[in-house]
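Residue numbers (the numbering used here), protein chains in the order written: chain A, 1 to 114; chain B, 1 to 146. We put the beta carbon where it would ideally sit given N, CA and C, even for glycine. This report refers to the structure that appears directly beneath it.
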Amino acid sequence: MTMKASSRQVNGVTVVDMMGRITLGEGSVVLRDTIRDLLGRGEKKILLNLGNVTYIDSSGIGELVSAFTSVRNQGGELKLLNLTKKVHDLLQITKLYTVFDIRDDETAAVGAFK
Amino acid sequence: MTKRVSYTLASTLESVNRAESIAAETAARAGFNEDEQSNIAMAVREATVNAVLHGNAYDPDKKVFVVYENTSDALVITITDQGKGLDAVNLPDPLAPENLMKGSGRGIFLIRAFMDEVKFRNTQPGTEITLIKHLGRNAANEEELQ
């Protein structure tokens with residue numbers, strides 16, 4: 001399955017619903033382009049909904065880290081929503097689970113942005 | 001009885017997906033559970049990415065050789081590239097604070113996390129990585145450098 005990303009606005013936060021695989025190649029590029037476009041439009045409160053992301057490889061993990069850093073460097077915030085067990089486990093193994101602000105309730109996640 | 005299947009693949013991302021799919025199917029046939037199948041497939045994906053991207057650098061004249069071997073108690077997968085070689089001993093630790101926020105460098109770490117044994121061999125030119133997963137055993141993460 002290819003990666004798809006669509007965004008919507010919820011109380012000043014851009015929620016990006018991602019679907020598919022974030023892997024080397026198309027998936028990572030879609031994520032990178034999406035974050036770049038949002039930052040270009042000045043949308044710096046970003047909630048990545050990964051509930052329909054079935055798979056992430058090391059390249060995808062790296063892309064998530066790069067997205068987090070890019071948003072933070074522009075004075076914004078990036079949070080993750082609805083991790084699958086597989087993605088959750090990968091972030092734990094790579095010690096990134098505590099780096100990201102990870103949420104499982106969209107309303108609460110949106111409310112947590114400053 | 002040992003079953004052995006080998007593939008010669010082009011240095012492309014399509015090859016990475018193919019090697020990964022074959023790994024998942026082979027692991028399923030060998031009797032690994034769903035989590036183990038997924039982990040084996042991911043380890044093979046990461047190793048093949050290294051071969052295509054870092055080893056052969058997408059060079060159309062260079063190939064990636066993948067061998068899947070089912071023994072009575074393990075799945076052994078060997079991936080060989082024709083690149084400039086890999087210094088597996090001096091790889092940075094992706095969990096070190098100075099590396100944690102880097103955008104790359106986690107592939108071999110994940111391979112080691114998901115397989116029972118990981119061996120590297122310099123084939124001059126090129127690198128051969130052997131991934132071993134034993135049936136009915138949790139990952140012990142052994143490693144042997146040759």
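Short CB-CB distance (under 8 Å) between residue i and chain B
i, result
"A/D17", "no"
"A/V99", "yes"
"A/V71", "no"
"A/L39", "no"
"A/V65", "yes"
"A/G75", "no"
"A/G62", "yes"
"A/K79", "no"
"A/I35", "no"
Residue i vs residue j beta-carbon contact at 8 Å
i, j, result
"B/A88", "B/T48", "no"
"A/E26", "A/T54", "no"
"B/D81", "B/G55", "yes"
"B/G156", "B/A57", "Given a span of 1 to 146 for chain B in the structure shown, any question on residue 156 of chain B remains unanswerable."
"B/A23", "B/I77", "yes"
"B/D73", "B/H134", "yes"
"B/L13", "A/L96", "no"
"B/A43", "B/F114", "yes"
"A/E77", "A/V15", "no"
"A/V71", "A/K44", "yes"
"A/L83", "A/L39", "no"
"B/V154", "B/S15", "Past the edges of chain B, shown from 1 to 146, lies residue 154 of chain B, and the structure says nothing about it."
"A/S28", "B/E46", "no"
"A/T94", "A/I61", "yes"
Under the three-state DSSP convention, the category residue i falls into
i, result
"A/N82", "coil"
"A/F113", "coil"
"B/L145", "Caution applies to B/L145, whose pLDDT of 40 falls short of 50 and renders its modelled position unreliable; the value that the coordinates give is listed next. Looking at B/L145 - three-state DSSP - the assignment turns out to be strand."
"B/L135", "coil"
"A/S6", "strand"
"B/M42", "helix"
"B/T78", "strand"
"B/V118", "strand"
"A/V99", "coil"
Chain B contact residues for residue i, given Cβ-Cβ distances below 7 Å
i, result
"A/D57", "M42, R45 and E46"
"A/G25", "L13"
"A/K95", "L95 and L100"
"A/K4", "Chain B residues near A/K4: none, gap ~18 Å exceeds 7 Å."
Of the residues the options, the one placed nearest residue i, counting alpha carbons only
i, options, result
"A/G116", "A/I46, A/I102, A/M19 and A/R21", "Nothing can be reported for residue 116 of chain A, as the shown portion of chain A is limited to 1 through 114."
"B/A51", "B/K133, B/F109, B/G126 and B/E34", "B/G126"
"B/I40", "B/A10, B/R112 and B/S6", "B/R112"
"A/M13", "A/V87, A/L80, A/V65 and A/R32", "Inspection of the sequence shows that residue 13 of chain A is occupied by Val rather than by Met. The candidate whose alpha carbon is nearest that of A/V13 is A/L80."
"A/F100", "A/K114, A/T69, A/M18 and A/S6", "A/T69"
"A/V30", "A/D17, A/G42 and A/V10", "A/D17"
"A/R21", "A/K86, A/L39, A/I93 and A/N11", "A/K86"
"B/Y7", "B/S104, B/K102, B/Y68 and B/E128", "B/Y68"
Closer than 9 Å at the beta carbon, the chain B residues around residue i
i, result
"A/L91", "In chain order: nothing, as chain B lies at least about 11 Å away."
8 Å Cβ cutoff, residue i in contact with chain A
i, result
"B/E143", "Residue placement at B/E143 is flagged as unreliable, the pLDDT there being 45, under the threshold of 50; a coordinate-derived value is accordingly withheld."
"B/L100", "yes"
"B/G107", "yes"
"B/T127", "no"
"B/S38", "yes"
"B/A113", "yes"
"B/L110", "yes"
Residues that residue i contacts on chain B, provided the C-beta gap is smaller than 8 Å
i, result
"A/K86", "S38"
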